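Below is one structure, written out as structure tokens, with a few remarks after it.
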């Protein structure tokens, strides 16, 4: 499966801050007509399990398939009935995240992308697009 959207974040950490920017760039193709801008579900790992991201997805009507980290679950249980109910998690749907991880690993096979040799974000993004083109053409 080719990448749907390539995005370069200028910082080293806190990629969760770029989540709304990534979501605005996603286009889900349809058989006919314009592509949809709202996917049915978002598969993410525990790093994206913040309240802000879950609220953002809920307001847009997107199902969040994100596991809850152990510390968040412990805090919720510690609060008892004030902690609220745990967020919904579809274990079978989360197994599809393997596809995303394999795509990222294929992109990281390019040494320049894995080590971030490029000095500017534009050249790094151009290399990401080249890798995406090669992945798409190799299917």
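Residue numbers (my numbering): 906 to 1044.
Virtual Cβ for every residue (Gly too), placed ideally from N, Cα, C.
Nothing here was measured: the structure is a model prediction, and the numbers come from that model.
- Looking at the DSSP output, residue 948 bridges to 970.
- Sorting 975, 932, 943 and 938 by C-alpha distance to the C-alpha of residue 964 places 943 at the top.
- Residue pairing for residue 933: DSSP places it in a beta bridge opposite 941.
- Looking only at 923, 1017, 934 and 975, the smallest Cα-Cα distance to residue 957 is reached by 923.
- Judged by DSSP in its simplified three-state form, residue 926 adopts helix.
- Per DSSP, residue 1025 lies in no alpha helix (DSSP H) segment and is marked neither H nor E.
- Non-local C-beta neighbours of residue 949 in its own chain, meaning closer than 6 Å and more than five positions away in sequence, comprise 971, ordered along the chain.
- Excluding five sequence positions before and after residue 1032, the CB atoms of its chain that fall closer than 8 Å to its own CB belong to 1015, 1017, 1018 and 1023, given in chain order.
- Between residue 952 and the set 938, 1004, 946 and 974, the nearest pair of CA atoms involves 974.
- Distance between residue 1036 and residue 933, taken at the CA atoms: about 20 Å.
- Secondary structure of residue 994 (DSSP, three-state): coil.
- In terms of Cβ geometry, residue 947 and residue 969 form a close pair [threshold 7 Å].
- Just so you know, the alpha carbons of residue 929 and residue 1043 end up roughly 27 Å apart.
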